[in-house]
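Be aware that the sequence shown starts at 455, since it is given in the numbering used here, and climbs by one per residue. Where is the CB? At the ideal position from N, CA and C, for every residue including glycine. All of these numbers come straight from a predicted model, not from anything done at the bench.
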Amino acid sequence: MNEVVIAYITDDNYVMPTIVSITSAIMNKNESSIYKIFVIGVSINNENKKIIEEFISKNINDKIYLNILHFNQHYNFDDSHPYVTSAAIFKFDIANILSDYDKVLYIDCDTIILKDLTELFKIDLNDNYAAGVIDYFPMEILKHNKNIGVENYFNSGVMLLNTKLLRENKVKEILLDYKNKNYDLFMEQDTLNYIFNNKVRFISVKYNCIINLWEDYNHEVLYNFYDYGIFKEEIVVMHLAGPKPFSKDMPYINYFYDFYYYYQYTDYFKNNPLWLINRISEQKVKYLENNINERLNILKTEVNKKYYENWIKFFGIYNNKEYIFIYIFFIKFTIKINEKNINKIAWWIPFKKIRNKFRGKFLI
Numbered sequence: 455m456n457e458v459v460i461a462y463i464t465d466d467n468y469v470m471p472t473i474v475s476i477t478s479a480i481m482n483k484n485e486s487s488i489y490k491i492f493v494i495g496v497s498i499n500n501e502n503k504k505i506i507e508e509f510i511s512k513n514i515n516d517k518i519y520l521n522i523l524h525f526n527q528h529y530n531f532d533d534s535h536p537y538v539t540s541a542a543i544f545k546f547d548i549a550n551i552l553s554d555y556d557k558v559l560y561i562d563c564d565t566i567i568l569k570d571l572t573e574l575f576k577i578d579l580n581d582n583y584a585a586g587v588i589d590y591f592p593m594e595i596l597k598h599n600k601n602i603g604v605e606n607y608f609n610s611g612v613m614l615l616n617t618k619l620l621r622e623n624k625v626k627e628i629l630l631d632y633k634n635k636n637y638d639l640f641m642e643q644d645t646l647n648y649i650f651n652n653k654v655r656f657i658s659v660k661y662n663c664i665i666n667l668w669e670d671y672n673h674e675v676l677y678n679f680y681d682y683g684i685f686k687e688e689i690v691v692m693h694l695a696g697p698k699p700f701s702k703d704m705p706y707i708n709y710f711y712d713f714y715y716y717y718q719y720t721d722y723f724k725n726n727p728l729w730l731i732n733r734i735s736e737q738k739v740k741y742l743e744n745n746i747n748e749r750l751n752i753l754k755t756e757v758n759k760k761y762y763e764n765w766i767k768f769f770g771i772y773n774n775k776e777y778i779f780i781y782i783f784f785i786k787f788t789i790k791i792n793e794k795n796i797n798k799i800a801w802w803i804p805f806k807k808i809r810n811k812f813r814g815k816f817l818i
């Protein structure tokens, strides 16, 4: 039986991406696989509790078991990180919370699951505490592994945990003791790396592909570091460990659209589809603006004035007293100025303020 036991941890800040991640896992699982998914909710408010419970009721079946386990936040550490909340400390508790299971796959909620998880779950842990993926940024950019005294440093966003051994060796208490005595640059991750040192099985980057690395750093360097030439179609877990598409404007980042592909299958989209349409429209416009402005700056310094003036008409809206001229990818559309045509064009503008400004300019 291909049973996979999965744990997520979330708080009010991450309920939406948690639901998106679980949705992607369900959509991409094999028919024969059975997923037991536990959401450890930390100090969740009543509104979000209801959202999670409704999500569970709609997705549970004989191949998918979903449950939310509620806890109040009882850890108080001063560490802060822009992309990590204190709820992450509950990773220390997973083995005890899910005490009926000898092995648990922990997954951060800022992930997209692109393939079935059975192969990952079946990895043999032997006498290791966990299996995880080595983390390029802390090791190669920050050299942070040397700061805490470990040879290799793994990312705790995806961990296959040997929960039986963690319980037997009372590792939770060891983790908390170390955490209480040491500052952790990445909330809980330094502690896990230090205590799990030499008891981690390192696995392929495809199981925890921190996607912003592949946006920001040289691919050849990354291939050499991971000894693996990863391609998007091979990724099992895409980890949005850096800037989040659900909290930042990121028109330049490709995985913005990967996240919202799965968002559209949730009730967040069904209950308010216009929000996503507007958000994607905003990103498309910003992406075009960024690229056009960058290109114009290059042209100002590298080509003659005539070429520069022609480039302006790659994308834009111009007018005289009688006509509007719309240029899209060098294609010119000529539209006579009258109330009917202006209202037709304005209908396609997703932002009310810009829409009214457009009407005000031409309907005098």
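Residue i, enclosing alpha helix (DSSP H) - first and last residue
| i | result |
| --- | --- |
| F509 | 500 to 513 |
| H673 | 673 to 680 |
| F525 | From DSSP, F525 is part of no alpha helix (DSSP H) but of the beta strand (DSSP E) over 518 to 525. |
| E793 | 793 to 801 |
| F656 | Looking at the DSSP string, F656 is not in any alpha helix (DSSP H); the run it does join, the beta strand (DSSP E), is 654 to 656. |
Cβ shell of residue i (< 7 Å), same chain only, five flanking positions each side left out
| i | result |
| --- | --- |
| L730 | Y714, Y717, Q718, F723 |
| I522 | V493, G495, I506, E507, I510 |
As assigned by DSSP and simplified to three states, the class of residue i
| i | result |
| --- | --- |
| I566 | strand |
| K618 | helix |
| T788 | strand |
| V691 | strand |
| K490 | strand |
| L730 | helix |
| I808 | helix |
| V604 | coil |
| Y714 | helix |
| L667 | helix |
| F700 | coil |
Sub-8 Å separation of residue i and residue j beta-carbons
| i | j | result |
| --- | --- | --- |
| Y661 | V604 | no |
| L694 | Y711 | no |
| V579 | L614 | Residue identity check: residue 579 is Leu in the sequence provided, not Val. Going by C-beta atoms, L579 is nearer than 8 Å to L614. |
| I551 | I518 | no |
| N526 | L520 | no |
| I778 | I791 | yes |
| F650 | Y583 | yes |
| A549 | E642 | no |
| F546 | K635 | no |
Range of the contiguous beta strand (DSSP E) that encloses residue i
| i | result |
| --- | --- |
| L614 | 608 to 615 |
| L434 | As displayed, the chain neither begins before 455 nor continues past 818, which places residue 434 out of reach and without an answer. |
| A461 | 457 to 464 |
| L559 | 558 to 561 |
| A436 | Because the chain here runs from 455 to 818, residue 436 falls outside it and cannot be looked at. |
Other residues of its chain near residue i: CB distance less than 8 Å, five sequence neighbours each side excluded
| i | result |
| --- | --- |
| N758 | Confidence at N758 is low in this model, with a pLDDT of 49, below 50, so the placement of that residue is unreliable and no value is reported for it. |
Own chain residues within Cβ distance below 6 Å of residue i, not counting five before or after
| i | result |
| --- | --- |
| I602 | D644, Y648 |
| I473 | F509, T720 |
| N800 | Looking at the sequence provided, one finds Ala at residue 800 rather than Asn. Excluding residues within five positions, the ones whose Cβ falls inside 6 Å are R809, F812, R813. |
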